[in-house]
Amino acid sequence: MSKRPIAVSGGDAAGVGPLVALRAAFELRTEERFVLFGDAAQLETLAEQDGKAHALRRRSLSDVHGLELGCVGVVDTSRVDPALIAEHRAAPALGEAQWLTLNMAACAVRDGTLRALATGPTSKAAIVSAGHPFTGQTELLAGLSGLADDDVTMMFLGPKLRVALVTTHLAVADVPAAVSTARVMRSVRHLAQALLALGSAARNSRLVVAGLNPHAGEGGLFGREEIDAIAPALRLLANEAPFKDGTVQLVGPEPAEAVFRGAQRGDIQGVVAMLHDQATIASKLLDWGAAVNVTWGLPFVRTSVDHGVAYDAARAGTAEHDGMLAALQMARRLTENVDD
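Take the sequence shown: its position 237, counting from 1, is numbered 233 in this note's numbering, and each next residue is one higher.
Structural data, given as structure tokens:
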């Protein structure tokens, strides 16, 4: 019996999301069933341009389980003026479409109709301009699942770097106050779980927590977050599995520059970063096109590309689908043992 299909939310119709979602799903369609959520007319046009229209199937949510292997399903969630899409910029109508598409796809997975969610890039500016409070897909998905933002962890899993974030979409000025012992502990636990799920945390693997400040605070000279929040978290975690039994070695806080270099060399299997760009700059340098944004702590698997809407690439027709391909493959890998 086939597993439930995987849901794919295309993101901003004016960006590269719908095209890369379509191309990635078509590449894997003989191995897995995917259902794309978005503007069906746009997706059908894109499929026709790629010579794949014959393998696209419109489906209602009540009929997605009947999708045959080798075909890609489409659930029509919104209709956007093609002229507006062609402008390749943020717009309220596009924001509303993204909001509806993401919510419908996420709810279908949350309610068990589909087994995992892979998301394309959204425009925060467009969604906010449509009147919806929105700081990111990670936070929205937590809310739809009845969870607080602090219950989930944003992480980027790639072949060279596996990094989890303690804080996500905050102004840099707000980060120090947001680095707490509880948040550090949550991110470390979630990253350890991810490493174990991927089979990359054999005994004596190293999970290293980066400091927030230069030189990890230099003993309090450059800040006290390492002393007051991060180090206490690691002391508490040392008494928990998988750290207590040595399955994963927990180290830190260490200077971020040294931690990421160690990960690049392969000496470190997992890194916990304190702020968004501390993690994403390293991820994009080491694993561009191969890293997957994963939200850990949800009641379902959610993966995403690690890039933005890329209006310029959409305008130029130079979109590459490697990132979405990696996201779909990660969604499959993390749900291999899910029973339908």
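Just so it is clear, CB atoms sit at the ideal spot from N, CA and C, and this is done for glycine as well. Remember, predicted model here, so these are calculated numbers, not experimental data.
Collapsing the DSSP output to three states places PRO249 in a strand. In this structure the region 263 to 274 touches the region 243 to 255; the number of beta carbon pairs closer than 8 Å is three or more. CA-to-CA, the gap between ALA327 and ALA173 works out to about 34 Å. Counting along the chain, GLY69 sits inside the beta strand (DSSP E) bounded by residues 68 to 72.
Three or more Cβ pairs closer than 8 Å define a contact, and the region 3 to 12 meets that threshold against the region 308 to 321. A residue is called buried when at least 16 other Cβ atoms come within 10 angstroms of its Cβ; ARG261 does not meet this threshold and is exposed.
Here DSSP, grouped into helix, strand and coil, assigns GLY266 to strand. In the three-state DSSP reduction, SER5 falls in the strand class (E or B).
Assigned with DSSP and collapsed to three states, PHE239 falls in coil, not helix or strand.
The beta-bridge partner set that DSSP reports for PHE152 consists of VAL159, ASN289. Boundaries of the beta strand (DSSP E) around VAL205: 201 to 206. Closest option to ALA79, judged by alpha-carbon separation, among ALA87, THR291, LEU230: ALA87. Straight-line spacing of the CA atoms in GLU23 and GLY132 works out to 28 Å.
Three or more pairs of CB atoms, one per stretch, sit closer than 8 Å, so the region 120 to 132 contacts the region 88 to 98. In the displayed model, GLY304 falls within coil according to three-state DSSP, outside both helix and strand. In its chain, beyond the 5 residues on either side, ALA36, VAL70, ASP72 have a beta carbon closer than 7 Å to the beta carbon of ARG54.
In the DSSP secondary-structure assignment, VAL31 is bridged to ALA3, GLY69. In this structure, the beta-carbon distance from MET320 to VAL16 falls below 9 Å.
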